[in-house]
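**Q** The sequence shown lines up with residues 75 to 132 when you count with our numbering.
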Amino acid sequence: MDGQLRLVEEAVGRVDRTIAMQLGEDVRRLLASALPDEVLLTVWRGTTSGYFTAETFP
């Protein structure tokens with residue numbers, strides 16, 4: 075997940091601070107949730123249209 079977090083950090087630098095703070099909070103909540111990694115990966119692939127996967131960012 076480090077690659078995905080790096081991608082989020084880069085995206086945050088390009089958006090409004092309020093949006094960036096909300097995005098960060100959403101990511102923290104998802105990672106802290108009891109959802110299995112497989113579900114988080116499915117959500118990630120769905121929101122990025124499958125462009126950014128663990129294989130893309132090892």
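Where is the CB? At the ideal position from N, CA and C, for every residue including glycine.
Using the Cα positions of Ala94 and Asp111, report the straight-line distance between them to the nearest angstrom.
**A** Taking the sequence shown and counting its residues from 1, the one referred to as residue 94 is at position 20. Taking the sequence shown and counting its residues from 1, the one referred to as residue 111 is at position 37. Taking the straight line from one Cα to the other gives about 23 Å.
**Q** With the cut-off set at 8 Å, would you say Val113 and Val82 are in Cβ contact?
**A** Residue 113 sits at position 39 when you count from the first residue of the sequence shown. Residue 82 sits at position 8 when you count from the first residue of the sequence shown. No, Cβ-Cβ distance for Val113 and Val82 is not below 8 Å.
**Q** Kindly indicate the opening and closing residues of the alpha helix (DSSP H) around Asp100.
**A** As a first step, residue 100 must be located in the sequence shown, where it is residue number 26. Note, Asp100: alpha helix (DSSP H), Arg91 to Ala106.
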